[in-house]
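Here's the structure we're looking at; comments come further down.
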Amino acid sequence: MQMALPMGQILLSITLILSILAIKIFKPPGMRRTSQEVAQVLLKYKWHFGLIFLVYVQKNFVDDLNNPIRGYTGWNFTPLIYSIEGDIVVHIQNFFLNHYLTLFFSGVYIVGYMFINYFTILFFIYMDDKELADKTALNYALVYLIATPFYLFFPVDVTSFYLSNVHSLLYDFSGGFHKFFVAVDPFDNCFPSLHIAIPVSIFILIYRSTRYRGTKDYDRYLYFLFIFTLLFIFAILYLGIHWVVDIFGGIFVALLAVYLVEKNSKDFWDWAYRLERRIRARLRCFFIRRFHGRKVDPEELMEG
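According to the numbering used here, the sequence shown is numbered sequentially starting from 95.
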């Protein structure tokens, strides 16, 4: 893991810098925020950052469970996937194999995916778009939650590990990349593909919301998401990572996550804000009792 940290930090830094620059590209013309306003909206959406942080904690926890569970069950569903689609990935990689394509699509796979994950929520928070910030943050959590049982109990190896005539173009692109992925990737969580589930679900949520509200503020980002989803589809096959079936699995996860988000987003965030008010009231009650010696009912201090 120590060898992977510098590479991870570099990729994260690049992604955050790109996210800040991209806000200028995708925000509506004339939209301006002072640094003070940016700080205020970032604080306003602290629960959203907290939820995303929990998602990454959960992901790391699942990754740690992956090998022990597979070692115990001995399950491997890669032969099943191969029996469905055969050598499609072999033909795709052999037909398009090119050093410059490998360089480009490695960047798309790593930086492009990280960018969409981080930028989307930051963008909606910057815009102070509560509806889409709420839905996007909850969507991340639900996508990972839905995918978790598959990763733990339906292991599918990456194509370049199972198919001897498929090259691991991404993992072996450089020594730094190889060490990074060996440290962070179990290489058997192909199904479903989150490189498909995340952008597809975000696209649907933005499209539905903007068409319902009659706004075109996010049309440029919608076009970007559409193009990058197509690039992801090719990248995950060409680089020797995913199977075609994984793409359909990702679309299924996206559709299910969107359904659950649309159905539960308002109730979830109402509960979160009530919890925040209750915590604040109990803290105020504690300090009043501690420093003023008065007993106060926390319900009387609830805001809103």
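Backbone N, C-alpha and C define an ideal beta-carbon position, used for all residues, glycine too.
The structure displayed is predicted, hence computed values, not measured ones.
Rounded to the nearest angstrom, what separates residue i and residue j at their Cα positions?
{"i": "D361", "j": "P243", "result": "25 Å"}
{"i": "Q96", "j": "L106", "result": "Only weak support exists for where Q96 lies, its pLDDT of 43 falling under 50; the value from the coordinates is given anyway. The alpha-carbon atoms of Q96 and L106 are separated by roughly 16 Å."}
{"i": "N161", "j": "D279", "result": "11 Å"}
{"i": "D313", "j": "A366", "result": "30 Å"}
{"i": "H193", "j": "L263", "result": "9 Å"}
{"i": "I321", "j": "E370", "result": "39 Å"}
{"i": "Y265", "j": "F285", "result": "18 Å"}
{"i": "G398", "j": "R368", "result": "The pLDDT assigned to G398 is 48, lower than 50, so where the model puts this residue is not dependable; a value taken from the coordinates is nonetheless given after this. Each residue's alpha carbon lies about 9 Å from the other."}
Classify residue i: buried if its beta carbon has 16 or more other beta carbons within 10 angstroms, exposed otherwise.
{"i": "S113", "result": "buried"}
{"i": "Q187", "result": "buried"}
{"i": "D282", "result": "buried"}
{"i": "V132", "result": "exposed"}
{"i": "H289", "result": "buried"}
{"i": "M101", "result": "buried"}
{"i": "M221", "result": "buried"}
{"i": "K229", "result": "buried"}
{"i": "W363", "result": "buried"}
Based on Cα-Cα distance, which residue from the options lies nearest to residue i?
{"i": "I298", "options": "I182, V355, F120 and V252", "result": "V355"}
{"i": "V352", "options": "A329, I300, F342 and V338", "result": "I300"}
{"i": "D223", "options": "K121, W337 and V151", "result": "K121"}
{"i": "P173", "options": "T230, V252 and D266", "result": "V252"}
{"i": "S359", "options": "L145, M101, Y256 and L232", "result": "L232"}
{"i": "F342", "options": "R374, V294, R372 and F322", "result": "V294"}
{"i": "L287", "options": "V347, L377 and H261", "result": "For the record, residue 287 in the displayed sequence is Ser; it is not Leu. Looking at the Cα atoms, V347 is the closest of the given residues."}
{"i": "L197", "options": "A329, K357, I335 and V156", "result": "A329"}
{"i": "F318", "options": "Q152, F143, D157 and I119", "result": "I119"}
Tell me, to the nearest whole angstrom, how far the beta carbon of residue i is from that of residue j; I am working on the premise that it is less than 8 Å.
{"i": "L246", "j": "L159", "result": "6 Å"}
{"i": "I215", "j": "V339", "result": "With 8 Å as the limit, I215 and V339 do not qualify as a contact, their Cβ atoms being about 29 Å apart."}
{"i": "Y139", "j": "A227", "result": "6 Å"}
{"i": "T199", "j": "Y306", "result": "Looking at the sequence provided, one finds Phe at residue 199 rather than Thr. 35 Å between Cβ atoms; not a contact."}
Cβ of residue i versus every heavy atom of the ligand NAD: is any distance shorter than 8 Å?
{"i": "S303", "result": "With respect to small molecules bound, the structure shown includes none, and the ligand NAD cannot be examined in it."}
Identify every run of the alpha helix (DSSP H) within the stretch 187-267, keeping only runs that are complete inside it and at least 4 residues long; order them along the chain. 193-201, 207-220, 224-247 and 253-256
Going residue by residue through the stretch 320-389, where are the continuous alpha helix (DSSP H) segments of at least 4 residues, counting only ones entirely within it? 338-386
At 3 residues or longer, and completely inside the stretch 95-132: list those beta strand (DSSP E) runs for me, N to C. none
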